[in-house]
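In this note's numbering, the protein residues as written are 1305 to 1820.
Written out as structure tokens, the structure reads:
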């Protein structure tokens, strides 16, 4: 789309899944999205329409500064060496200078989606030539996050320390010279009343004037050892909490929730977020990032056919197909841009070894209620409605079953919908040996899954269910028509030259009367 262009059109995409050995039991989905990438989204323009227009006009972005080239070019690689251009069917002589906007738009779209999915996904370079990995669509785990803001739930209240130096009891300097020279082992108190022994490279001096000469009070601790009995006096004018600080914590919590609406996705600069939090208006941000204009997801249908020759009547093959229709609409766009349609095809990720919460419930109690069952009163009063998701709850065969997988809203597992794959298809581990029955399930699993990049994107996938395990398993054909309305002026239709003008001109009078 050129500047001031508007677009309308429709695209029909036919998708074919190449032959598999059996009808797949888990669905295979194709997600088709259409994106508009305004030219202003190029980081070279820094989101400034003034700089964008200066570059368009060939002017420096500041007086005396360098001019930002509006189009960047690069040498066309050998045919088939650039996967993006190969997928788009782009042609140019090898070595010719070509515009890099198609490649840049593709990577800008992926980076924008990655920023919306998780901050733990690495951005792609804008000149990356490889095809980007597809995004998993496991909606059942969309609520699990690797970390969360605890203060958003509980808030934080500042304490006023009245006495800057609090009195300490249980430690002091003795008045007699009793000590030990050389390295010293000190038993120190830890949280929970336990004790640990630490070797210090100093000794206790035998003189009362040495800074290494001290005395402390001890009490009998776990295991019969003595541990320090040292306390700070905080009751008499030590620490106070003001009502103003309580109110401040409430307001901070409210504004933190407001700030969460601005961060991470459309607005990446902290100073812009600060302006919004201050109630100031900022320029329109819509044209500074890719914009989704269409989104459809379809499921592949499958059909099995058997061989017809007498010797192979038991042989069969399964083919699959799907179709997507997209309607595209883009209003008049002052910056111009690129419209790109992406196709992502992935099977449903099963996570078939999820722990069934009721199956794993035991008789352990917490007070007068069951610890592992929901309790309305206890859960309502919980100031931090968050559950730790353990690895074994996602995969019972995990090598670190009690490790933390992530965090989820309280009682998330009672709203889960994990599949049950049993019978001859039961698979107790992710790395088991070949099983012919499992060819009906396209399971793409990670050994010891975690909230890594592989949880969000599919960086590798096997093709074992397909008859051809080496070639591309899918093909698609896109057909459509788009109409652009803008400022482009087109000439009138041409006809083949027949000399009609010259023949008529021969008969036209050429003499002119001269005025005297």
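No residue lacks a Cβ here, since even glycine has one placed at the ideal position from N, Cα and C.
Local Cβ density within 10 Å of residue i, reported as buried at 16 or more and exposed below that
i            : result
residue 1702 : buried
residue 1358 : buried
residue 1338 : buried
residue 1746 : buried
residue 1495 : Bear in mind that the predicted position of residue 1495 carries a pLDDT of just 49, short of 50, making it too unreliable to give a figure here.
residue 1610 : exposed
residue 1663 : exposed
residue 1637 : buried
residue 1412 : buried
residue 1670 : exposed
residue 1589 : exposed
residue 1395 : exposed
residue 1535 : exposed
residue 1810 : exposed
residue 1692 : exposed
residue 1755 : buried
residue 1678 : exposed
residue 1753 : buried
residue 1367 : exposed
residue 1639 : buried
residue 1375 : exposed
residue 1327 : exposed
residue 1680 : exposed
Proximity below 8 Å, CB of residue i to CB of residue j
i            : j            : result
residue 1707 : residue 1655 : no
residue 1318 : residue 1600 : no
residue 1417 : residue 1439 : yes
residue 1700 : residue 1763 : no
residue 1341 : residue 1641 : yes
residue 1414 : residue 1436 : yes
residue 1320 : residue 1625 : yes
residue 1788 : residue 1311 : yes
residue 1370 : residue 1364 : yes
residue 1257 : residue 1710 : Since the first and last residues shown for the chain are 1305 and 1820, residue 1257 lies out of range.
residue 1649 : residue 1334 : yes
residue 1743 : residue 1325 : yes
residue 1653 : residue 1748 : yes
residue 1349 : residue 1332 : no
Whole-angstrom C-beta distance between residue j and residue i, which should lie under 8 Å
i            : j            : result
residue 1402 : residue 1383 : Going by Cβ atoms, the distance from residue 1402 to residue 1383 rounds to 13 Å, so no, they are not a contact pair.
residue 1316 : residue 1783 : 5 Å
residue 1330 : residue 1777 : At roughly 15 Å, the Cβ-Cβ gap does not stay under 8 Å, so residue 1330 and residue 1777 are not in contact.
residue 1620 : residue 1607 : Going by Cβ atoms, the distance from residue 1620 to residue 1607 rounds to 10 Å, so no, they are not a contact pair.
residue 1603 : residue 1344 : The Cβ separation is near 37 Å, so there is no contact.
residue 1314 : residue 1629 : 7 Å
residue 1697 : residue 1734 : About 16 Å separates the two Cβ atoms, so there is no contact after all.
residue 1647 : residue 1398 : About 28 Å separates the two Cβ atoms, so there is no contact after all.
* At which residue ranges does the segment 1312 to 1388 contain complete alpha helix (DSSP H) runs of 4 or more residues, listed in the order of the chain? -> If we require 4 residues or more, the alpha helix (DSSP H) runs fully inside the segment 1312 to 1388 come out as 1353 to 1360.
* Are the segment 1672 to 1688 and the segment 1416 to 1427 touching, with three or more C-beta to C-beta distances below 8 Å? -> Using a Cβ-Cβ distance cut-off of 8 Å, the segment 1672 to 1688 and the segment 1416 to 1427 are not in contact, since fewer than three pairs of beta carbons, one from each stretch, lie closer than that value.
* To do: Count the C-beta pairs between the segment 1762 to 1772 and the segment 1708 to 1727 that are closer than 8 Å, then say yes if the count reaches three, no if not.
  => In this structure the segment 1762 to 1772 does not touch the segment 1708 to 1727; the number of beta carbon pairs closer than 8 Å is below three.
* Asked: At which residue ranges does the segment 1749 to 1795 contain complete beta strand (DSSP E) runs of 3 or more residues, listed in the order of the chain?
  -> With a minimum length of 3 residues, the continuous beta strand (DSSP E) runs that stay inside the segment 1749 to 1795 are 1778 to 1789.
* To do: Specify whether the segment 1385 to 1396 and the segment 1340 to 1359 touch according to this definition: at least 3 beta carbon pairs, one from each stretch, less than 8 Å apart.
  => Too few Cβ pairs lie closer than 8 Å, so no.
* Asked: Taking three-plus beta-carbon pairs below 8 Å as touching, is the segment 1633 to 1643 in contact with the segment 1728 to 1746?
  -> No, they do not touch.
* **Complete beta strand (DSSP E) runs within the segment 1633 to 1682 (minimum length 3 residues, chain order)** => Correct list: 1641 to 1651.
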